[in-house]
Amino acid sequence: MTDRTPACLTRLLVVDDDLIQRRLVAKIAAQVNHQVTEADSVAAAEAVLARAAQTGAPIDCVTVDLGLGDGLGADVLHLIADHCPQAQVLLVTGASGRPLQDTLQVARETRLEIHDVFIKPVDLVALRASLWRAREVLWAKRDAP
């Protein structure tokens, strides 16, 4: 059975170029016992994901904004697929329509599981519940034979 003590927090990466939104998601995630790392760009996300994979402590869950200063959320999905393919992914974005559909197509192509999609402004209660469920899904997968 998986250790669910605070010392065994799930590792969450919040990728958003909007500082206020990034910090808000990070604060909510910390409330449901995620150990949070923040990235404000595709390049920063790549560094975090690569380092986590190299150290044997991969990221468990990632929230991704679709529009980033140096690229797209789809670029981050490719990085997740390369470094932490088991991660639960939540899309938290102001974009909808074609950009969102294109990103979901990348998720299908890379075989990433999109746990949830939130359109900004985000319902914070729903986000908190989704982050909690993502953690539960991860624990269930770890407990599976």
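When we follow the working numbering, the leftmost residue of the sequence shown carries the number 548, and every step to the right adds one.
Glycine is no exception: its CB is placed at the ideal position from the N, C-alpha and C atoms.
Whose C-alpha, out of the options, is nearest the C-alpha of residue i?
i      : options                           : result
Ala628 : Ala597, Leu566 and Arg682         : Ala597
Ala592 : Val669, Thr657, Trp686 and Cys631 : Cys631
Leu559 : Lys688, Arg682 and Arg689         : Arg682
Gly644 : Trp679, Leu671 and Phe665         : Phe665
Asp622 : Ile575, Val579, Gln652 and Ala599 : Gln652
Thr610 : Ser677, Ala687, Thr657 and Arg689 : Ser677
Leu659 : Trp679, Gly641, Val636 and Val672 : Val636
Thr657 : Arg675, Val562 and Gln633         : Gln633
Asp624 : Arg655, Asn580, Ile567 and Gly616 : First, the residue type needs correcting, since residue 624 is Leu and not Asp in the sequence shown. The candidate whose alpha carbon is nearest that of Leu624 is Arg655.
Thr640 : Lys667, Lys574 and Gly618         : Lys667
Under the rule that 16 or more other beta-carbon atoms within 10 Å means buried, what is residue i, buried or exposed?
i      : result
Leu638 : buried
Thr602 : exposed
Gln502 : A question about residue 502 goes unanswered here, because the residues of the chain that appear run from 548 up to 692.
Gln578 : exposed
Leu566 : exposed
Gly620 : buried
Spatial neighbours of residue i within its chain, please: C-beta separation below 6 Å, excluding the five flanking residues on both sides.
i      : result
Ala576 : Leu559, Val583 and Leu678
Thr650 : Leu613, Gly620 and Ala621
Closer than 8 Å, CB to CB, is residue i near chain B or not?
i      : result
Asp612 : The structure shown contains no chain B; it is built from a single protein chain.
Identify every residue that forms a DSSP beta bridge with residue i.
i      : result
Gln635 : Cys608
Contained beta strand (DSSP E) runs [length at least 3] in the segment 571-622, N- to C-terminal order: The beta strand (DSSP E) runs of length 3 or more contained entirely in the segment 571-622 are, from start to end of the chain, 581-586 and 608-611.
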